[in-house]
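Position in the sequence shown (from 1) plus 81 gives the number in the working numbering.
C-beta atoms are modelled at their ideal positions from N, C-alpha and C, and glycine is treated no differently.
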Amino acid sequence: MSASTWDRFAEKLRQASRKKSVRTPFGVRMSDGASFLVGDGEPRFWLESRGSAGDRALSSMDLFQVGDAFIAGAFDINGDVVAAFAARRVFSDFHPIVWTKRFAPLALGARGQRKKDDEAIAAHYDEDADFFRTFLDSEFRCYTHGVFTADTEPLEAAMANKMRYAYDALELGPGARVIEVGGGWGAFLQFGSEQGARVTSLTLSRASEAFMNDLAKERGYDGATVVRQHLFAYEGGGEMYDALVNMGVTEHLPDYETTLRKYAALVRPGGRVYLDAVAMRRKHHLSSFMSRHIYPGRSTPMVLHDYLACVARSGQFRVRTVIEDTHNYMLTCRAWALRLDAAREQVVDRWGQEMYLKFRAFLWGSTAGFVTGQLEAYRIVLERLGTPDPAPLTP
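Here it is in structure tokens:
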């Protein structure tokens, strides 16, 4: 490309940086060696193109193309990776056709939505369980945030804190029947079973189902059950549960009213619901990169005020606790990203460079989202309204 082409690109980046209040100085180096700086001061990071594909993507000023180019290895980020992902808003991300395709299943009715949810969840979670274990905590393999008592606390301790908090908040005892929405890699199935609860975990992923069944068999969790079925299709055999756990699945259930009605059909009066979730201030506001490569389908961060309004309108639940957890989720994503980077050779060797770069963008990008406040996180405890069966009196 000519020098004038790169000069025009540099000016576009500088204008976008000023317009969108991206104050972090950074540098761009094209594949022919041409380079320029954006912002004032020492650059915190460099975007370095490795060839014509990287040149085209970066100069397009389009986040969709930039994301595709990153996971294809067409350009790299050198320096402060969190600052780089925090500055990604200099690129445009206006793609109405992508948004329309994501939410077209809403017109298909409940059955069509469930089918698309099944496909979307499988697209993310049906990877080899060993892949996720390269960056998740080693004790519970929990794929939502931990609760840190200090920024330097190990991830394993933070996850144990979160499991204990959830279990205690549900006021469970030995023999309690718990339904879990989205069992993942068996985090709460393990913790709850070890406390004596009888946990039924729902999942849409074959890999998750197989992993949890093996876990329950190996550890002798006789009261544990794994069901591969969508929450909306699950009937529960007509028996009510003492509590419901949803760790990080509210994002995949954006129809709050339908979800709460289903919770009410499964949880006994007086029973509790624990959930934690990533949140944003606007619904359906995922980036095109996330929608295409990480969470296809209808997945969207929770909007707290919308969710709580639905709880109030439901007439079936009351809010017991809301805890803001943004910093905890930032620490969790940072820990995951560091572990993934440390396992780079293993990940690339077993699952390929694209998988590594896709999740590198996901985890560091999420860390940056929490740092900038674009993303938030919450823990919520609800109580099912109604009159519970009276406890037996002790003489």
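- Judged by DSSP secondary structure, D143 falls outside any alpha helix (DSSP H); it is assigned neither H nor E.
- By the Cβ test, the region 247 to 264 is in contact with the region 315 to 330, since at least three Cβ pairs between them sit closer than 8 Å.
- Less than 9 Å divides the Cβ of M361 from the Cβ of T381.
- Taking every protein chain shown into account, the CB of R287 has fewer than 16 other CB atoms within 10 angstroms, so this residue is exposed.
- At the C-beta level, R170 and K101 come within 9 Å of one another.
- Sequence-distant Cβ neighbours of A297 in its own chain, meaning closer than 6 Å and more than five residues away, are A305.
- Short of 7 Å from the beta carbon of P350, and not among the five residues preceding or following it, lie these beta carbons of its own chain, in chain order: R465, L466, G467, T468 and P469.
- Only residues of its own chain outside the window of five on either side were considered, and among them F216 have a CB closer than 6 Å to the CB of R420, listed in chain order.
- Judged by DSSP secondary structure, M240 falls within the alpha helix (DSSP H) whose first and last residues are L236 to A250.
- The alpha helix (DSSP H) runs of length 4 or more contained entirely in the region 252 to 288 are, from start to end of the chain, 268 to 275.
- In the displayed model, R399 falls within a strand according to three-state DSSP.
- Distance from the CA of F151 to the CA of A231, rounded to the nearest whole angstrom, comes to 33 Å.
- No Cβ-Cβ contact shorter than 9 Å links S289 with A239.
- Bounds of the alpha helix (DSSP H) holding G446 are Q434 to T453.
- Closest option to W127, judged by alpha-carbon separation, among M142, A153 and G160: G160.
- DSSP places E338 inside the alpha helix (DSSP H), whose first and last residues are Y337 to L347.
- Between the beta-carbon of A134 and that of A155 there is about 4 Å, and that keeps the pair under the 8 Å contact cut.
- For the 9 Å CB-CB criterion, F292 and G267 form a contact.
- Taken through DSSP and simplified to helix, strand or coil, M328 comes out as strand.
- Annotated as distal: T448 and A424, with beta-carbon spacing of 9 Å or more.
- In this structure, the beta-carbon distance from I461 to V400 falls below 9 Å.
- For C391, the closest C-alpha among the options S372, G317 and Y337 is that of Y337.
- The region 96 to 114 makes no contact with the region 397 to 417, as fewer than three CB pairs between them are under 8 Å.
- Taking A97 as the centre and dropping the five residues before and after it, the same chain places the C-beta of V171 closer than 6 Å to its C-beta, in chain order.
- G352 counts as buried, since at least 16 other C-beta atoms from the protein chains shown sit within 10 angstroms of its C-beta.
- Here M383 carries a strand assignment [DSSP, helix/strand/coil].
- Assigned with DSSP and collapsed to three states, A360 falls in strand.
- In the DSSP assignment, V307 falls within the beta strand (DSSP E) that extends over T306 to R309.
- Only exposed fits E92, as fewer than 16 other CB atoms lie within 10 angstroms of its CB.
- In the structure shown, Y459 adopts extended strand secondary structure according to DSSP, grouped into three states.
- DSSP places R420 in the uninterrupted alpha helix (DSSP H) bounded by T407 to A423.
- Separation of the CB atoms of L236 and V359 is rounded to 17 Å, and the pair is thereby denied contact status at 8 Å.
- Listed in chain order, the non-local C-beta contacts of W432 below 6 Å within the same chain comprise F212, local neighbours out to five positions each way being set aside.
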